[in-house]
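Student: First residue of the sequence shown: 1303, per our numbering; consecutive thereafter. For each residue, glycine too, the CB sits at the ideal point set by N, CA and C.
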Amino acid sequence: MGGDVVSLREYLYSLRYYLLFVCILFAAAVGVGYLEFFSDVFSESLAWLEQLSEGIEDFTELYPSWVIFLLFFVVIFLNNAFTCLLNILLGPLLGIFPLFSTLINGGLLGWLAHEEGLIVFLAIVPHGMFELPAYFISLAIGLRLAREALRPKGSRQLKLKFGDGLHVYLRLILPLLFIAALVESVLIVIGILLMP
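(1) Could you tell me the distance, in whole angstroms, from the CA atom of Leu-1496 to the CA atom of Leu-1489?
(2) In the region 1417-1458, which residue ranges form an unbroken alpha helix (DSSP H) of at least 4 residues, counting only runs that do not cross its ends?
(3) Alpha carbon to alpha carbon, how far is Leu-1321 from Leu-1441? Give it in angstroms, no decimals.
(4) With C-beta atoms as the reference, is Asn-1389 less than 7 angstroms away from Ser-1403?
(5) Alpha carbon to alpha carbon, how far is Val-1307 from Glu-1417?
(6) Examine the Cβ distances between the region 1472-1489 and the region 1429-1436 and report whether three or more of them are shorter than 8 angstroms.
(7) Rank Ser-1487, Arg-1446, Ile-1492 by C-alpha distance to the C-alpha of Val-1377 and give the top, closest one.
(8) So, using beta-carbon positions, are Ala-1483 and Phe-1379 closer together than 7 angstroms?
(9) Give me the residue from Leu-1460, Arg-1446, Gly-1493, Glu-1450 with the minimum Cα distance to Tyr-1319.
(10) What residue range is occupied by the uninterrupted alpha helix (DSSP H) comprising Gly-1465?
(11) Is the region 1462-1474 touching the region 1309-1319, taking contact as three or more C-beta pairs under 8 angstroms?
(12) Can you look up Leu-1372 in the DSSP assignment and give me helix, strand or coil?
(13) Report, in whole angstroms, the separation of the C-beta atoms of Gly-1408 and Phe-1399, which I expect to be a contact under 8 angstroms.
(14) Exposed or buried, Val-1369, counting other C-beta atoms within 10 Å across all chains shown (16 or more means buried)?
(15) Anyone know if the C-beta pair for Val-1491 and His-1429 falls short of 7 angstroms?
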């Protein structure tokens, strides 16, 4: 990647400390969310999601299941791809966006687990096994770029590291998100079809 030919495996290995950090931070945010800190923020999000799901119920009665699948797939894939891309693109700005993204998403997951029960964790396993690694890798790349941006100007290689990060985004993150969106969309459509 960049000027040197670096394998994907070597690049991921070079991210290991960043990955460890974001995983620990995400787990801590899940714990904080589960303990209902910032529950006011998350409860407003849940109210909005409930309104959205009512609109979706009307939509699902009007269209065949393949249209619903396609719509969910496109929305889920583009949303996740955009979030992961922002983690990388905005990483050089002191890593603020990747850190904020980690805290918000982890906190929301913990809060949902508290509100809906630990079944929430089981519900995300099928697509989460693809989506979460992609998400964590994008966070790690963003934080690595933040560190690179803070280096003295003479030793900074931000352009090279940025290119490496985008290469990993295209080669690994997007394919993982594609699979995750497929799995999640299939499960959503199955859930809709099984609803009474």
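Tutor: Result, derived from the coordinates:
(1) Looking up residue 1496 in the sequence shown gives position 194. Looking up residue 1489 in the sequence shown gives position 187. If you take the alpha carbons of Leu-1496 and Leu-1489, they lie about 10 angstroms apart.
(2) 1421-1451
(3) Indexing the sequence shown from 1 puts residue 1441 at position 139. Indexing the sequence shown from 1 puts residue 1321 at position 19. Cα to Cα, the separation comes out at about 8 angstroms.
(4) Taking the sequence shown and counting its residues from 1, the one referred to as residue 1389 is at position 87. Taking the sequence shown and counting its residues from 1, the one referred to as residue 1403 is at position 101. Their beta carbons are under 7 angstroms apart, which means Asn-1389 touches Ser-1403 by this criterion.
(5) Mapped onto the sequence shown, residue 1307 falls at position 5. Mapped onto the sequence shown, residue 1417 falls at position 115. With a pLDDT of only 45 at Val-1307, under the threshold of 50, the placement of this residue in the model should not be trusted; the figure read from the coordinates follows. Each residue's Cα considered, the two are about 48 angstroms apart.
(6) yes
(7) Here residue 1377 refers to the residue found at position 75 when the sequence shown is read from its first residue. Answer by Cα proximity: Ser-1487.
(8) For the purposes of this step, residue 1483 is taken as the residue at position 181 of the sequence shown. For the purposes of this step, residue 1379 is taken as the residue at position 77 of the sequence shown. For Ala-1483 and Phe-1379, yes; Cβs fall inside 7 angstroms.
(9) Sequence index remark: in the sequence shown, residue 1319 carries index 17 (1-based). Minimum Cα distance to Tyr-1319 is reached at Arg-1446.
(10) Taking the sequence shown and counting its residues from 1, one reaches residue 1465 at position 163. Residues 1460-1470.
(11) yes
(12) Along the sequence shown, read from residue 1 onward, the residue named residue 1372 stands at position 70. DSSP places Leu-1372 in helix when its eight states are reduced to three.
(13) Position 106 of the sequence shown, counted from the first residue, corresponds to residue 1408. Position 97 of the sequence shown, counted from the first residue, corresponds to residue 1399. Not a contact, Cβ separation roughly 15 angstroms.
(14) Taking the first residue of the sequence shown as position 1, residue 1369 is located at position 67. With fewer than 16 other Cβ atoms within 10 Å, it is exposed.
(15) As a position in the sequence shown, residue 1491 is number 189, starting the count at 1. As a position in the sequence shown, residue 1429 is number 127, starting the count at 1. In this structure, His-1429 does not lie closer than 7 angstroms to Val-1491 by Cβ.
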